[in-house]
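First up is the structure itself, then whatever we jot down about it.
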Amino acid sequence: EVIDKCGLSALGVFTTTEGNYLIFGSESGLVSVGLAHTGPMIWMSSFIYHCSTVTGFSIFSCRTGIYFLSISLDCRMALWHLSTTNRNLEFIKGFTLDVCDPCGVYRLM
Numbered sequence: 006e007v008i009d010k011c012g013l014s015a016l017g018v019f020t021t022t023e024g025n026y027l028i029f030g031s032e033s034g035l036v037s038v039g040l041a042h043t044g045p046m047i048w049m050s051s052f053i054y055h056c057s058t059v060t061g062f063s064i065f066s067c068r069t070g071i072y073f074l075s076i077s078l079d080c081r082m083a084l085w086h087l088s089t090t091n092r093n094l095e096f097i098k099g100f101t102l103d104v105c106d107p108c109g110v111y112r113l114m
């Protein structure tokens, strides 16, 4: 898999012992995840939930894996789970935000 052909609009990085998990957001709303380590980047998964430009990520981890929130200009926020064992991206839940500027919500995350 490759990054979307639309412009890159958001980037998140989470460092583990395996390497750096890179989360890419694009202007089309596509969210892609790759693992960068000593060799070539391993593309893990891509998913579309957002209808417009992804503007930011907030990443956190717990014993079940890596979780992150994405936010977009479509005024939607999504919760994702990234499994480090099977390298799978799972959409958990979407939220519609009642705000006129979703970028302001990102600053709170």
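For the sequence shown, this note's numbering assigns the number 6 to the initial residue and increments by one for each residue that follows.
A virtual CB, placed ideally from N, CA and C, is assigned to each residue, including glycine.
These figures come from a predicted structure and were not determined experimentally.
Inset, instruction - State the beta-bridge partners of G30 as determined by DSSP. - result: Per DSSP, A15 and V36.
Inset, instruction - Take H42 and list the residues in its own chain whose beta-carbon comes closer than 6 Å to its own, dropping the five residues that flank it on each side. - result: Short of 6 Å from the beta carbon of H42, and not among the five residues preceding or following it, lie these beta carbons of its own chain, in chain order: G24.
Legend entry - DSSP beta-bridge partners of C67: Bridge partners of C67: G70.
Legend entry - N115 (DSSP reduced to helix, strand or coil): The shown model of the chain, from 6 to 114, leaves out residue 115, and the question about it has no answer.
Legend entry - Beta-carbon proximity check, S31 vs G12, cutoff 8 Å: Going by C-beta atoms, S31 is nearer than 8 Å to G12.
Inset, instruction - Return the CA-CA distance between R68 and V18, expressed in angstroms with no decimal places. - result: In a straight line, the C-alpha of R68 is about 18 Å away from that of V18.
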